[in-house]
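Numbered according to our numbering, the sequence shown spans residues 1 to 73.
We put the CB at the ideal spot given by N, CA and C, even for glycine.
Take a look at the structure set out below.
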Amino acid sequence: NLVELTLPDSSKCIGKSVSEVSLPNDVSLAAIVRDSHVITPTPHTVFSGGDELIFVASSESEPALKDCFIAHS
């Protein structure tokens, strides 16, 4: 499944790099859309508020994925 999430400014992931965030099993970050530009994520890519995150994820892992990125700090 493709899952798209918009990272809220209050997310605990803001300012963290991809390598600092533990993704649930069966989840892969495919792309980040920032200011209408597609970014191919690397371990050093830092998350910003308003980023549109595009994941490949199993149906079972979607709730954990949303908790990981949408939960407030």
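Buried versus exposed, by CB contacts within 10 Å (16 or more), residue i
| i | result |
| --- | --- |
| leucine 2 | exposed |
| isoleucine 32 | buried |
| serine 11 | buried |
| proline 63 | exposed |
Beta-carbon spacing of residue i, residue j below 8 Å
| i | j | result |
| --- | --- | --- |
| valine 46 | leucine 29 | no |
| serine 61 | proline 24 | yes |
| phenylalanine 69 | cysteine 13 | yes |
Cutoff 6 Å; reference residue i; Cβ partners in own chain excluding five residues on either side
| i | result |
| --- | --- |
| histidine 44 | Ser17 |
| threonine 6 | Glu52 |
| valine 21 | Cys13 |
8 Å Cβ shell around residue i - same chain, five flanking residues per side excluded
| i | result |
| --- | --- |
| aspartate 9 | Gly49, Gly50 |
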